[in-house]
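Trainee:
Residue numbers (my numbering): 2 to 472.
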């Protein structure tokens, strides 16, 4: 069973159509397979008004009731995981099993957040007085979600926002709007009308939201360049912002690491979702003592990978999600080839109009190569030698980004010491791509502003209110 092929906006709990549409392309074929409604300024005003109108009711709803509503939504999502997964594959490109896994992960994440609590902090309890710090909702939140993890990142935003008593207007990427629209339909059967509104649209909708005076906060995930524009627009009326932006994440492999284990982990950590992951390994530094072993074993895994239409059984890696990104990644590969760099490619990709790129390693490029300096966000990974730990830490930190990184060694104490010297928000030791609802996630430098997940991320959707109570 699959969803029907009609897609509507959700405003005030009602299905709403628009006069204009956005084409949705299956990246495995390069062809339009659906259309989504395109909200304009008037429909945005309606959605914000609906969210503002219901905000006092939702804010004053007991926390336990809000919690139960989100748990019901998680159950409903999981009950339709197969339908969501099939739709996800068509609009995003990821192989079906992995697409469905993201849907289930979204339901699991929603449950985990719904069970969290933001307690009152008592910062003083003396003979004279008690001082309580309350965390109260901000109001209407704009949640702007990218195309690489369109379902899970939606949950990252709406779960803490709704649990803490805010109302939301959700905008999915124009490239991947369909699962979000179906989520809006599903949520309208569970949440009060206006608590979660879903608007798809073209590239003009995001700037309209950033400038709209009805939002108290913008939670945005996307490129650093767009994040800067969101921040600039939000400054006009001092909206709160959370920005989860780009990364050029470095992995450092020390000489005592197991090449076989590193190759397995890097194949998953660097190439999952065709490397369209903000926290994927994008620069791989390997000590010279084991460089060839790691490179060759990783290349073997690339050759065993199967790139193709995610709807076909046996495919491990789908297409790059959109044509613009396809051209950008191919340019990085072409530039590397033109510079005489050695490319180690994986298995052949299907011919046709799909946005398929071979899984590719670049063998020991110089640090100033574009494929090293720029975030590829596609299946091309530079692997570089090092011999000196101090030098490789400098190289790893020499980036405008600071989102995540990893260290690989049997010597955990040494790995922790190196982790403390890396300028990134998340560091993994002998693992990668790890996130959890209870763990804060943030970026250094131009990788972000604010925090998602954990108690710190929850508090980003609240305003502190200090109450002084005399004894």
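For each residue, glycine too, the CB sits at the ideal point set by N, CA and C.
1. Would you mind sorting residue 245 into buried or exposed? The rule is 16 or more other CB atoms within 10 Å of its CB.
2. Label residue 130 either buried or exposed according to how many other C-beta atoms from any shown protein chain fall within 10 Å of its C-beta, with 16 as the threshold for buried.
3. Where does residue 68 land, buried or exposed, given buried means 16+ other C-beta within 10 angstroms?
4. Is it true that the CB of residue 44 sits closer than 8 Å to the CB of residue 200?
5. In chain order, which beta strand (DSSP E) runs of at least 3 residues are fully inside the segment 294-369?
6. When we look at the beta-carbon of residue 421 and count the other beta-carbons within 10 Å, is it buried (16 or more) or exposed?
7. Report yes or no: do the segment 195-211 and the segment 86-99 share at least 3 C-beta pairs separated by less than 8 Å?
8. Using a 10 Å radius around the Cβ and a threshold of 16 neighbouring Cβ atoms, would you call residue 469 buried or exposed?
9. Have a look at residue 414 and residue 110 and give me their C-alpha separation to the nearest angstrom.
10. Identify which residue in 300, 160, 36, 359 has its Cα closest to the Cα of residue 321.
11. Mind checking residue 467: buried by the 16 CB within 10 Å criterion, or exposed?
12. Quick check on residue 310: buried or exposed, where buried means 16 or more other Cβ atoms within 10 Å of its Cβ?
13. Quick one: Cα of residue 42 to Cα of residue 206, how far?
14. Please go through the same chain and pick out, in chain order, the residues whose beta-carbon is closer than 6 Å to the beta-carbon of residue 90, but skip the five residues on each side of it.
15. Threshold first: 4 residues or longer. Then list the alpha helix (DSSP H) segments lying entirely within the segment 95-120, N to C.
16. Based on the DSSP secondary-structure assignment, which residues constitute the bridge partners of residue 213?
17. In the structure shown, what three-state DSSP assignment does residue 148 receive?
18. Extract the residue ranges of the alpha helix (DSSP H) inside the segment 225-265, only unbroken runs of 4 or more that lie entirely within it.
19. Here's the rule I'm using: 16 or more other beta-carbon atoms within 10 Å means buried, otherwise exposed. How should residue 284 be labelled?
Mentor: Let me spell this out:
1. The residue you call residue 245 lines up with position 244 of the chain shown. Buried, since its Cβ has 16 or more Cβ neighbours within 10 Å.
2. Reading the chain shown from its first residue, position 129 is the one you call residue 130. With fewer than 16 other Cβ atoms within 10 Å, it is exposed.
3. In the chain shown, counting from the first residue as 1, residue 68 sits at position 67. With 16 or more Cβ atoms within 10 Å of its Cβ, residue 68 is classed as buried.
4. As a first step, residue 200 must be located in the chain shown, where it is residue number 199. As a first step, residue 44 must be located in the chain shown, where it is residue number 43. Using a Cβ distance threshold of 8 Å, residue 200 and residue 44 count as a contacting pair.
5. 343-346, 361-364
6. Locating residue 421 in the chain shown gives position 420, counting from the first residue. Burial call: exposed.
7. no
8. To locate residue 469, count along the chain shown from 1; it is residue 468. Around the beta-carbon of residue 469, fewer than 16 other beta-carbon atoms lie within 10 Å, marking it exposed.
9. Taking the first residue of the chain shown as 1, we reach residue 414 at position 413. Taking the first residue of the chain shown as 1, we reach residue 110 at position 109. Residue 414 and residue 110: Cα-Cα distance of roughly 31 Å.
10. By one-based count along the chain shown, residue 321 stands at place 320. Checked all of 300, 160, 36, 359; the closest Cα to residue 321 is 359.
11. Residue numbering aside, residue 467 sits at position 466 when the chain shown is read from its first letter. Residue 467 should be labelled exposed.
12. Counting from one through the chain shown, the residue named residue 310 turns up at place 309. It is buried - the Cβ of residue 310 has at least 16 other Cβ atoms within 10 Å.
13. For the purposes of this step, residue 42 is taken as the residue at position 41 of the chain shown. For the purposes of this step, residue 206 is taken as the residue at position 205 of the chain shown. Going from the Cα of residue 42 to the Cα of residue 206 covers about 8 Å.
14. As a working note, residue 90 is residue 89 in the chain shown. Counting only Cβ-Cβ distances below 6 Å, and skipping sequence neighbours, we find 97, 100, 311, 312.
15. 97-115
16. The count along the chain shown starts at 1 and reaches residue 213 at position 212. DSSP lists no partner for residue 213.
17. For the purposes of this step, residue 148 is taken as residue 147 along the chain shown, with counting starting at 1. Correct three-state label for residue 148: coil.
18. 225-235
19. In the chain shown, the residue the question calls residue 284 occupies position 283. Answer is buried; the Cβ neighbour count reaches 16.
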